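Encoded as structure tokens, the structure appears first; notes follow it.
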Amino acid sequence: MTASYDVDNIFAKILRGEIPCHKVFEDDNAIVFMDVMPQSTGHTLIVPKAPSRNLLDADAGVLSAIIPLIQRVAIAAKSAFGADGITFMQFNEGAGGQTVFHLHFHVIPRFEGEALKSHGRGMEEPGVLAANAEKLKAALAALD
Ligand code: 5GP
Numbered sequence: 002m003t004a005s006y007d008v009d010n011i012f013a014k015i016l017r018g019e020i021p022c023h024k025v026f027e028d029d030n031a032i033v034f035m036d037v038m039p040q041s042t043g044h045t046l047i048v049p050k051a052p053s054r055n056l057l058d059a060d061a062g063v064l065s066a067i068i069p070l071i072q073r074v075a076i077a078a079k080s081a082f083g084a085d086g087i088t089f090m091q092f093n094e095g096a097g098g099q100t101v102f103h104l105h106f107h108v109i110p111r112f113e114g115e116a117l118k119s120h121g122r123g124m125e126e127p128g129v130l131a132a133n134a135e136k137l138k139a140a141l142a143a144l145d
């Protein structure tokens with residue numbers, strides 16, 4: 002049996018402002034911030050505000066509203082970090098690789114010949130995350 006949504010998961014705390022993050026963007030529907038354990042330079046998370054554990058229990062309306070934002074972040078990240086490509090990932094339940102149980106999407110800039118680092122390991126320096134958030138903010142603004 003699948004567990005229910007836990008209101009005290011770490012992304013719910015970030016959404017409530019109880020835990021800081023390196024924020025890139027926020028609107029009524031979603032927040033975008035840097036992953037603290039990036040698998041590549043510029044690894045970014047797109048988090049819908051509506052509570053769901055993952056894709057499996059998400060509202061279809063939430064999913065259709067979030068895809069255009071994911072696309073914008075992917076385009077901006079490719080430009081901001083001079084990436085050669087973008088890997089888009091999303092994990093569901095522990096067996097599916099999920100470690101934080103609030104729906105989120107990974108946008109990971111990729112560079113020719115550079116392997117992905119491990120998932121959810123190795124904290125980045127706060128200064129690097131802050132600088133990357135600023136770069137991505139500027140690239141998003143340039144899309145307008
Ligand atoms: P999942 O396996 O659930 O898809 O991935 C969760 C992601 O959240 C991982 O890539 C991990 O590095 C990231 N993460 C875990 N805790 C925090 C946190 O407190 N802040 C931020 N910004 N990212 C986190």
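Quick note: the sequence shown uses the working numbering, first residue 2, plus one each step. By construction, the Cβ of each residue, glycine as well, lies at the ideal position given by its N, Cα and C atoms. The model shown is predicted, which means the values in this text are computed figures rather than measured ones.
- Scanning the region 40 to 96 for uninterrupted alpha helix (DSSP H) segments of 4 residues or longer gives 61 to 81, listed from N- to C-terminal end.
- For F26, the uninterrupted beta strand (DSSP E) segment begins and ends at K24 to E27.
- Rounded to whole angstroms, the separation of the alpha carbons of L144 and A77 is 7 Å.
- The beta carbon of D60 sits closer than 8 Å to those of A51 and S53, all from its chain and outside the five residues before and after it, given in chain order.
- Spanning the alpha carbons of P127 and G43 requires a straight line of approximately 13 Å.
- Relative to the ligand 5GP, the beta carbon of G121 is positioned inside 6 Å of a heavy atom.
- Membership of P127 in the alpha helix (DSSP H) is indicated by the continuous run P127 to L144.
- V48 has its Cβ no nearer than 6 Å to any heavy atom of the ligand 5GP.
- A buried status is given to S41, since no fewer than 16 other beta-carbon atoms sit within 10 Å of its beta-carbon.
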